[in-house]
Every structure is written in structure tokens, then in C-alpha cells.
Amino acid sequence: MPPPAARPPVPPLEGQASFEEAMRLHRAGRLDEAAALYRWVAEQFPNEADAFHLQGVIALSKGDANGALALFEQAARLAPKEAGYLISCANALRALGRREAVLERYDRAVALDPGSAEVHFNRSIALLDLGRTDEALDACDRVLALKADWPPAHSHRGYLLRRLKRLEEALASHDQALALDPSKYESHYNRALTLQDLKRLPEAIAGFDRAIALRPGANDPKVSRAAALLMAGDFERGWPALEARWGRPLLRATLRDLGRPPWLGGDDIAGKTILLHAEQGFGDAIHFARYATLAADRGARVILEVHPALVALMRTLKGPQAVIARGDPLPAFDLHAPLLSLPLAFGTTLQTIPAPPAYLAADPAKVAHWAERLSSKTAPRVGLVWSGNPAQDNDRNRSVALGELLAFLPDGIDYVSLQTEVRQSDSAALGLGRVRHFGKALADFTDTAALAAQMDAVLSVCTSGAHLAGALGVDTRVMLTNVGTCWRWLTAREDSPWYPSMRLYRQGPDNDWRPVFQRAALDLAALRGH
Numbered sequence: 178m179p180p181p182a183a184r185p186p187v188p189p190l191e192g193q194a195s196f197e198e199a200m201r202l203h204r205a206g207r208l209d210e211a212a213a214l215y216r217w218v219a220e221q222f223p224n225e226a227d228a229f230h231l232q233g234v235i236a237l238s239k240g241d242a243n244g245a246l247a248l249f250e251q252a253a254r255l256a257p258k259e260a261g262y263l264i265s266c267a268n269a270l271r272a273l274g275r276r277e278a279v280l281e282r283y284d285r286a287v288a289l290d291p292g293s294a295e296v297h298f299n300r301s302i303a304l305l306d307l308g309r310t311d312e313a314l315d316a317c318d319r320v321l322a323l324k325a326d327w328p329p330a331h332s333h334r335g336y337l338l339r340r341l342k343r344l345e346e347a348l349a350s351h352d353q354a355l356a357l358d359p360s361k362y363e364s365h366y367n368r369a370l371t372l373q374d375l376k377r378l379p380e381a382i383a384g385f386d387r388a389i390a391l392r393p394g395a396n397d398p399k400v401s402r403a404a405a406l407l408m409a410g411d412f413e414r415g416w417p418a419l420e421a422r423w424g425r426p427l428l429r430a431t432l433r434d435l436g437r438p439p440w441l442g443g444d445d446i447a448g449k450t451i452l453l454h455a456e457q458g459f460g461d462a463i464h465f466a467r468y469a470t471l472a473a474d475r476g477a478r479v480i481l482e483v484h485p486a487l488v489a490l491m492r493t494l495k496g497p498q499a500v501i502a503r504g505d506p507l508p509a510f511d512l513h514a515p516l517l518s519l520p521l522a523f524g525t526t527l528q529t530i531p532a533p534p535a536y537l538a539a540d541p542a543k544v545a546h547w548a549e550r551l552s553s554k555t556a557p558r559v560g561l562v563w564s565g566n567p568a569q570d571n572d573r574n575r576s577v578a579l580g581e582l583l584a585f586l587p588d589g590i591d592y593v594s595l596q597t598e599v600r601q602s603d604s605a606a607l608g609l610g611r612v613r614h615f616g617k618a619l620a621d622f623t624d625t626a627a628l629a630a631q632m633d634a635v636l637s638v639c640t641s642g643a644h645l646a647g648a649l650g651v652d653t654r655v656m657l658t659n660v661g662t663c664w665r666w667l668t669a670r671e672d673s674p675w676y677p678s679m680r681l682y683r684q685g686p687d688n689d690w691r692p693v694f695q696r697a698a699l700d701l702a703a704l705r706g707h
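With the working numbering applied, the sequence shown has no gaps in its numbers, which climb one by one up to 707 at the end.
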């Protein structure tokens with residue numbers, strides 16, 4: 178332990194011994210003792226940068242990013258030519274979510290140590306965090322120019338190329354990473370994701386299997402494997418595999434102790450009360466709520482729990498005796514099941530998907546209200562949904578820019594926005610007046626349903642608006658990205674076995690939206706002749 182403050186100045190040799198003892202304690206995991214001794218050394222030798230730096234390392238490991246940053250910055254001031262201290266500053270800033278500042282520290286570190294592949298690698302990651310993927314790729318190429326045989330750099334390059342939708346190049350980078358080191362979990366996993374985007378599903382599934390074998394506790398490859406199985410139409414293996422989704426931290430955090438056993442299809446539910454509860458987004462709830470009807474057909478008393486914004490809409494669904502909002506008091510029940518587990522419980526195959534022409538309905542009073550708002554019909558009406566929740570994992574690929582879409586859509590059609598939120602980047606296109614937008618006047622899903630029900634067709638990206646229109650039985654056309662395509666749309670098909678009124682427009686391997694817009698525009702133009 179450090180000596181009392183009144184002790185005379187410490188000779189350099191004693192300071193060195195104390196510093197080495199602090200490092201020994203640090204390596205042994207005795208962090209509080211190590212930090213105290215580092216602090217004492219820093220007090221006695223205020224120009225000893227490493228004493229501040231290693232205090233910061235301990236502070237960051239204990240979750241004190243602000244304290245760590247202050248210590249790292251002091252070390253960087255004392256040794257302004259030491260790139261490692263700037264890298265530590267960047268690590269603390271990343272923990273604080275200050276992404277621009279992270280990049281600034283890496284820019285300075287690169288200037289100090291331009292020959293370090295590791296510094297360029299970290300700068301590439303910082304650029305990726307800012308969404309500057311092209312620049313991140315340039316930085317990664319600099320890494321490989323310095324260290325061509327470094328597997329993590331090839332794997333990272335493959336990840337970046339996949340984000341840029343350059344799938345064949347991404348695959349080649351992952352192959353190179355694995356040729357250099359076939360033991361890396363990350364390389365196998367990211368290669369399998371690329372194969373899935375390329376629709377080489379058997380190879381993708383085998384890749385996920387290898388990733389799982391290398392890291393059995395990892396959840397992401399298990400969920401991705403389930404998606405690949407379902408995309409391939411292998412429901413027999415896919416539905417059980419999808420239960421791995423509960424290992425995802427965000428979903429696991431929503432788990433509740435409901436005090437009653439779950440139902441996965443093994444027990445007879447006739448005469449029992451079953452709680453069916455939504456678990457993820459609006460689209461999933463709309464998609465899988467259809468199973469409430471099947472549960473009621475088996476003689477169960479069904480209670481359906483959904484997001485508050487969906488309650489009124491779901492009360493038009495046949496089957497549930499009660500529809501309640503998540504967060505409301507729960508009535509008594511015997512069994513429960515999350516909605517996405519119901520295909521497993523019912524043993525759903527491609528041939529037995531429950532797909533009625535429509536299973537939700539618009540409120541007649543609201544239909545009348547929106548008919549009045551729309552006024553008399555003088556042209557075919559097409560509802561548009563061009564973007565989804567920006568927080569969704571694959572939103573950068575599935576959403577489109579309104580201006581780019583409108584450039585292809587034919588005149589002579591009354592376009593109506595079915596969105597409440599509009600991104601700033603789409604405001605100018607919306608302001609041109611080609612699309613009627615009601616915004617916040619669409620108070621909930623019952624308003625959107627009433628508006629959608631009066632459309633001759635709905636053109637949507639893969640988001641809740643597409644599910645709503647399909648569930649209402651409206652003529653629905655869905656534009657699908659090639660990268661990160663949701664498993665529910667399978668592959669190659671132009672129809673959906675889940676929604677009889679739906680047709681699908683898919684990007685090709687070039688990941689270009691323009692042919693999708695052209696096909697959609699050609700079909701919409703045909704509405705003018707009806």
C-alpha cells in the first residue's frame with residue numbers, strides 16, 4: 178500500500194519498485210490495490226505518463242469511462258508522441274458514444290504512427306461506426322498494404338464489402354481470412370452471412386454450423402442459422418431453431434415470469450385459457466396474430482396481448498376473447514406462448530401455412546371518415562410505404578429514398594402516404610406534392626387500416642405497412658432488398674404463401690433498386706386501365 182502523504186520524497190528506485198508492484202497486482206486482478214498504488218506513483222512522479230494510463234485502464238475496465246478518459250488524456254499530454262495513449266482515449270470515447278471524437282483520436286494516432294497496421298485497423302472501425310463505410314474500406318486496404326497476412330483485416334474487409342453489397346468480393350475476403358486462419362469464429366460467421374445474402378443457403382447453413390461448433394455459447398449464428406433454414410423452406414428444422422432468438426440480449430431482457438407453463442404444441446388446449454403475447458415489432462405481431470384464430474379453433478379461450486398501438490386493430494381478429502395491451506394487468510390463464518413460437522406449436526409447413534384472404538378488418542366508421550378526407554376518386558389510388566423503423570438492423574438496405582422511388586412511378590395515379598413519420602432526407606420529395614401525406618392524423622393502426630383499405634394497391638418496403646395491407650387483403654406489392662432479406666419471404670418466389678393478395682419484387686444479385694422500381698411502375702400503370 179502507498180506510504181502516508183507526510184512521507185519525504187520517494188527515491189526513483191522506490192518509485193520504480195512501487196510501479197512494478199502495481200503492475201503485478203494489476204495482472205493478478207487485484208484492481209483496487211493496483212489503482213491505489215498507480216495513483217501514489219503518479220502523485221510522487223507527476224510526469225510518469227504510464228501511471229496515469231494504467232489507472233485509466235483499470236477505471237475503464239470497471240465501467241468508469243469518464244474517469245478513464247481524464248486519466249488517458251493526462252497521459253497523452255505528458256507523452257504527446259505516444260500513439261497508444263490516443264488509442265486508449267479513443268476506447269474511452271467509444272464507451273461514451275462520442276464517435277466523432279473517437280475518429281479524431283485515431284486520425285492523430287495514424288499521424289504519429291503511420292506504419293502501424295493496428296492503428297489503421299482501429300481507424301477503419303471508427304469510420305464504420307460513423308457509417309462512413311467506403312472510407313472504412315479504404316482504411317482497411319491500408320491495413321492490408323502494411324500487413325497482408327493478417328486474418329482479422331481480411332475478415333473485417335469482408336464485413337465492410339457485405340455492407341456495401343459487394344457480395345462476391347466479400348466472400349473472397351472471408352475465404353482469404355479462413356485460408357490464413359481457419360480457426361476464427363468471426364470469419365466463419367460472417368462468411369455464412371454473405372452466403373445467405375447470395376442465397377447459397379446450404380453452404381450458409383453449413384457455415385453457421387461451423388461457427389456454432391467453434392463458439393457453442395454464441396447466439397447470433399444460431400439465430401442466423403434458423404433464418405437460413407426458414408428462408409430455404411425447411412420449416413421442420415427452422416421453427417425449433419428459431420427458439421434460439423431468446424438468447425439475444427434485447428429479447429431476453431423482455432422475458433417475464435408469467436407463472437404459468439409455456440405451450441409449444443404438446444398439450445391439448447381445448448377448454449384452457451391461453452395467453453398469446455407479442456414479442457418483437459409491429460410487423461411480427463400483425464403477421465403471427467393469425468394463429469390466435471387457430472388456437473380458438475382448437476377450443477381454447479384466447480387472450481391476445483399486443484403493443485398498445487395494435488389493440489384496437491387486433492379486436493377485429495376472429496378468435497381472441499380478449500385483446501389487451503402489454504403492460505395492462507393480466508387476467509387468469511393456464512398456458513402462454515409468444516407469437517413467433519406458434520408456427521412451431523402448430524407444426525406449420527409450407528403446405529399448412531394459415532393464409533386466409535384477410536384476417537383483419539378496417540373500422541367502418543373510420544373508413545367513412547377517411548373516405549371523406551380523400552374526397553371523390555378521380556384516379557387509381559396507391560398507398561406508399563417507403564421506409565421503416567431506422568433502428569431496425571437491416572433498415573439501411575430495406576428502406577428506399579422517396580425521391581428515387583417517385584422518379585420511376587407513373588403519373589395518373591393518386592399516391593397516398595401510409596406513413597406517419599417522414600425522414601428529413603425525404604421531406605423535399607414529399608413537398609413536391611405528388612404524394613398526399615396525412616402524418617399525425619393517422620393516430621393509430623386503425624386509421625392506417627381504414628386508409629389502406631381504400632387503396633387499389635399498396636406499394637411497400639418490408640415493414641409493418643406491408644403486413645397490415647396483406648392482413649387486410651389489399652392488393653399489396655412489396656419491394657425486397659437482396660441483402661438481409663427477411664426469411665419469411667423465402668427465395669425467388671414472386672408471391673407469398675403467407676398473404677394471398679401479395680406480390681413480391683426482389684432486387685437481383687446486383688442489389689440495384691432501379692429494376693425493382695421499374696417493375697413496380699409497370700404494374701401500377703396497368704391500374705389506370707381498370
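Heads up, the beta-carbon is just placed ideally off N, CA and C, and yes, glycines get one too.
### Message
For A226 and A256, what's the separation of their Cα atoms in angstroms?
### Response
7 Å
#### Entry: Buried versus exposed call for D445 [16 or more other C-beta atoms within 10 Å across all chains shown]
exposed
### Message
Quick check on A182: buried or exposed, where buried means 16 or more other Cβ atoms within 10 Å of its Cβ?
### Response
Low confidence applies to A182: its pLDDT is 36, below 50, so where it sits in the model is not reliable, and the reading given next is rough at best. A182 is exposed by the Cβ-count criterion.
### C-alpha distance - E259 paired with I235, whole-angstrom precision
19 Å
### Query
Any idea what DSSP makes of L533, helix, strand or coil?
The residue you asked about is not Leu; residue 533 is Pro in the sequence shown. P533: coil per DSSP, three-state reduction.
### Message
Between D689 and R680, how many whole angstroms is the CB-CB distance? I'm expecting something under 8 Å.
### Response
Not a contact, Cβ separation roughly 19 Å.
### Message
Threshold first: 4 residues or longer. Then list the alpha helix (DSSP H) segments lying entirely within the stretch 290-344, N to C.
### Response
294-306, 310-323, 328-340
### Message
I'd like to confirm the pairing. Which residues does DSSP put opposite H644 in its beta bridges?
### Response
H644 pairs with nothing; no bridge assigned.
### Message
I'd like to know whether the C-beta atoms of E581 and L517 end up nearer to each other than 9 Å.
### Response
no
### Query
Sorted by chain position, which residues of the same chain lie with C-beta nearer than 7 Å to A447's C-beta, five sequence neighbours on each side aside?
R475, G476, A477
#### Entry: Residues bridged to I480 (per DSSP)
L452, A499
### Query
Taking the DSSP output, what are the residues bridged to P439?
H513
### Query
In the DSSP assignment, what are the bridge partners of A716?
This structure cannot settle anything about residue 716, because the visible part of the chain is limited to 178 through 707.
### Query
According to the neighbour-count rule (16 or more other Cβ atoms, all chains shown, within 10 Å of its Cβ), is A703 buried or exposed?
exposed
### Query
In or out: D603 buried (at least 16 other Cβ within 10 Å) or exposed?
buried
#### Entry: Chain-order list of residues whose beta-carbon lies under 7 Å from that of F249 (same chain, five-residue window excluded)
H230, G233, Y262, S265, C266, A269
### Query
For P692, which residues from the same chain have a beta carbon less than 6 Å from its beta carbon, with the 5 sequence-adjacent residues on both sides left out?
none
### Query
Can you pull the DSSP bridge partners for D134?
No statement about residue 134 is possible, as the shown extent of the chain runs from 178 to 707 and does not include it.
### Task
Using the Cα positions of H331 and C663, report the straight-line distance between them to the nearest angstrom.
27 Å
### Query
Is T526 helix, strand or coil by DSSP?
coil
### Task
For K342, count neighbouring Cβ atoms within 10 angstroms of its own Cβ and tell me buried if that reaches 16, exposed if not.
buried
### Task
Look at the Cβ atom of A409, then the Cβ atom of P379, and state whether they are nearer than 9 Å.
yes
### Query
Can you give the beta carbon distance from G560 to V488, rounded, assuming they're within the 8 Å contact cut?
The pair is not a contact, with the Cβ atoms about 23 Å apart (cut-off 8 Å).
#### Entry: Whole-angstrom distance between H513 and L609, CA atom to CA atom
49 Å
#### Entry: Exposure of D687, with buried meaning 16 or more beta-carbon neighbours within 10 Å
exposed
#### Entry: Close Cβ partners of R271 (< 6 Å) along its chain, the five nearest in sequence each way excluded
V279
### Query
Where do the N-terminal and C-terminal ends of the alpha helix (DSSP H) with S265 fall, by residue?
260-272
### Cβ-based burial, R670 [other Cβ within 10 Å; buried from 16]
exposed
### Task
Measuring alpha carbon to alpha carbon, tell me which of A630, T525, R573 ends up nearest D411.
T525
### Message
Just verifying my parser: in three-state terms, what is the DSSP assignment at V612?
### Response
strand
### Message
When you compare the stretch 626-643 with the stretch 547-559, are there three or more beta-carbon pairs, one atom per stretch, that lie closer than 8 Å?
### Response
yes
### Query
With distances taken from CA atoms, which of G685, I530, H464 is nearest L649?
H464
### Beta-carbon proximity list for N574, same chain, < 6 Å, skipping 5 on both sides
T658, V660, G661
### S594, enclosing beta strand (DSSP E) - first and last residue
591-594
### Environment of E277 [buried if 16+ CB atoms lie within 10 Å]
exposed
### Message
Below 8 Å on the Cβ atoms is my contact criterion, and I expect A472 with G496 to pass it. Report the Cβ-Cβ distance as a whole number of Å.
### Response
7 Å
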